[in-house]
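*Asks:*
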Amino acid sequence: MALLRPGATPDAELLIEAGGYYLRPPIMYDFKPWAELRGESRAFLKPWEPLWPSDDLTRTGFRRRLRRYSKDRKEGRSLSFLLFRARSNEILGGLTLSNIRRGVSQTATLGYWMGERHAGKGHMSSAVAMILPFCFDVLNLHRIEAACLPTNMPSIRLLENAGFHREGYARNYLLINGTWQDHLLFACLAEDHASRPEKVAPSVEGILKEFL
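According to the UniProt record's numbering, the sequence shown is numbered sequentially starting from 1.
This is the structure we're talking about:
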């Protein structure tokens, strides 16, 4: 298996691959297909995401995004990935591990998005199944948290099917689409994941030392 896909740079030397998909950090080479997918999916994504900056789909905005990702990665605070179909190297969506806490917590927060034309086809379920063993077996985290709007039934089903447990209801939890909105809170523990009968065993190459 090649460590880097076409157009990749050392910044993307982390590859998680399984079941016909792979995850890697975004690079400048990804700008055009990323912007096209996000742009055509704007109305689909808008109800579930924070307001987009006015220049979000520009090359300048993407470069600023990559600088922020790089800073957070070097400080061990978050890891951002794009999800690709391995056969075609097509971008399908994205996934982020943010708010990484060590010490007595060993916790991270999972977030994700899917391009509209790829939604409802099981792609993100596969991505979450890939990222959980990476979190628990490689990063040695103990708890992965996630939150979603109470009306987002596809996301609720995705989390529950992935082994997350509903733990609470947070009022005005996140500023989504310009409005403070309530969220359902979910978590998956290392022992929850270990007890699942069928688990994905992804191939992981190029781990970053900041997260070990």
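Virtual Cβ for every residue (Gly too), placed ideally from N, Cα, C.
By alpha-carbon positions, which one of Tyr173, Leu184, Arg24 ends up nearest to Glu90?
*Replies:* Working through the sequence shown from its first residue, we reach residue 90 at position 90. Answer by Cα proximity: Arg24.
*Asks:* Can you check DSSP and say which residues form a bridge with Thr58?
*Replies:* As a first step, residue 58 is located in the sequence shown; it is residue number 58 there, counting from the start. Under DSSP, no beta-bridge partner is assigned to Thr58.
*Asks:* So is Asp30 buried or exposed if we call it buried at 16+ other beta carbons inside 10 Å?
*Replies:* Taking the first residue of the sequence shown as 1, we reach residue 30 at position 30. Counting Cβ neighbours within 10 Å, Asp30 comes out buried, since at least 16 surround it.
*Asks:* Using a Cβ-Cβ cutoff of less than 7 angstroms, which residues in the same chain neighbour Arg152 once the five nearest sequence positions on both sides are dropped?
*Replies:* Translated into positions along the sequence shown, residue 152 becomes position 152. Arg is not the amino acid found at residue 152; the sequence shown has Asn there. Here the set comprises Trp48.
*Asks:* Determine the extent of the beta strand (DSSP E) in which Glu145 is found, giving its start and end residues.
*Replies:* One-based indexing of the sequence shown puts residue 145 at position 145. Annotation for Glu145: the continuous beta strand (DSSP E) segment containing it runs 143-148.
*Asks:* Can you tell me the Cβ-Cβ gap for Cys135 and Leu97, rounded? I've got them flagged as a contact below 8 angstroms.
*Replies:* For the purposes of this step, residue 135 is taken as the residue at position 135 of the sequence shown. For the purposes of this step, residue 97 is taken as the residue at position 97 of the sequence shown. About 7 angstroms separates the two Cβ atoms, so the contact holds.
*Asks:* For Arg196, collect the residues of the same chain with a Cβ closer than 7 angstroms to its Cβ; drop the 5 residues on either side in sequence, then sort them by chain order.
*Replies:* Sequence index remark: in the sequence shown, residue 196 carries index 196 (1-based). So the list reads Gly163, once near-sequence residues are dropped.
*Asks:* Using 10 angstroms around the beta-carbon of Val104, count the other beta-carbons present and answer buried if the total reaches 16, otherwise exposed.
*Replies:* Sequence index remark: in the sequence shown, residue 104 carries index 104 (1-based). It is exposed - the Cβ of Val104 has fewer than 16 other Cβ atoms within 10 Å.
*Asks:* Tell me the rounded alpha-carbon separation between Met124 and Arg59.
*Replies:* As a working mapping, residue 124 is identified with position 124 in the sequence shown. As a working mapping, residue 59 is identified with position 59 in the sequence shown. Met124 and Arg59: Cα-Cα distance of roughly 26 angstroms.
*Asks:* I need the straight-line Cα distance from Glu40 to Lys32, nearest angstrom please.
*Replies:* Residue 40 sits at position 40 when you count from the first residue of the sequence shown. Residue 32 sits at position 32 when you count from the first residue of the sequence shown. Cα-Cα distance, rounded: 12 angstroms.
*Asks:* Since Ala18 is in the alpha helix (DSSP H), which residue starts that stretch and which ends it?
*Replies:* As a first step, residue 18 is located in the sequence shown; it is residue number 18 there, counting from the start. Per DSSP, Ala18 belongs to no alpha helix (DSSP H); it is in the beta strand (DSSP E), 15-18.
*Asks:* Among Tyr112, Thr179, Tyr21, Glu198, whose alpha-carbon lies nearest the alpha-carbon of Leu158?
*Replies:* Start at 1 with the first residue of the sequence shown, and residue 158 comes out as number 158. Of the candidates Tyr112, Thr179, Tyr21, Glu198, the one whose C-alpha sits nearest the C-alpha of Leu158 is Tyr112.
*Asks:* Where are the beta strand (DSSP E) runs, 3 residues long or more, that stay fully inside the region 84-114, in chain order?
*Replies:* 90-101, 107-114
*Asks:* Measuring alpha carbon to alpha carbon, tell me which residue in Ser78, Arg77, Leu95, Lys74 is nearest Phe84.
*Replies:* Position 84 of the sequence shown holds residue 84. Looking at the Cα atoms, Leu95 is the closest of the given residues.
*Asks:* Please look up how many angstroms separate the CB atoms of Ala187 and Glu167, rounded, as I've assumed it's under 8 angstroms.
*Replies:* Within the sequence shown, the letter at position 187 stands for residue 187. Within the sequence shown, the letter at position 167 stands for residue 167. Right, the Cβ-Cβ distance comes to about 5 angstroms (below 8 angstroms), so this counts as a contact.
*Asks:* In whole angstroms, what is the alpha-carbon distance linking Gly122 and Ala43?
*Replies:* Position 122 of the sequence shown holds residue 122. Position 43 of the sequence shown holds residue 43. Rounded to whole angstroms, Gly122 to Ala43 spans 21 angstroms at the Cα level.
*Asks:* Could you spell out the range, first to last residue, of the beta strand (DSSP E) harbouring His118?
*Replies:* As a first step, residue 118 is located in the sequence shown; it is residue number 118 there, counting from the start. Counted as a single uninterrupted DSSP element, the stretch harbouring His118 is not any beta strand (DSSP E), since DSSP gives it neither H nor E.
*Asks:* For Ala119 and Ser155, what's the separation of their Cα atoms in angstroms?
*Replies:* On the sequence shown, residue 119 is found 119 positions in, with the first residue counted as 1. On the sequence shown, residue 155 is found 155 positions in, with the first residue counted as 1. Ala119 and Ser155: Cα-Cα distance of roughly 11 angstroms.
*Asks:* If you compare alpha carbons, which of Arg102, Leu57, Thr179, Ala86 is closest to Glu75?
*Replies:* Start at 1 with the first residue of the sequence shown, and residue 75 comes out as number 75. Nearest option by C-alpha distance: Arg102.
*Asks:* Output needed for Arg143: all residues of its chain with C-beta closer than 7 angstroms, excluding positions within five of it in sequence on either side, in chain order.
*Replies:* Walking along the sequence shown from the start, residue 143 turns up at place 143. Contacts found: Gln106, Thr107, Ala187, Leu189.
*Asks:* Could you tell me the alpha carbon to alpha carbon distance between Phe62 and Arg77, rounded to whole angstroms?
*Replies:* Against the sequence shown, residue 62 aligns to sequence position 62. Against the sequence shown, residue 77 aligns to sequence position 77. Each residue's Cα considered, the two are about 20 angstroms apart.
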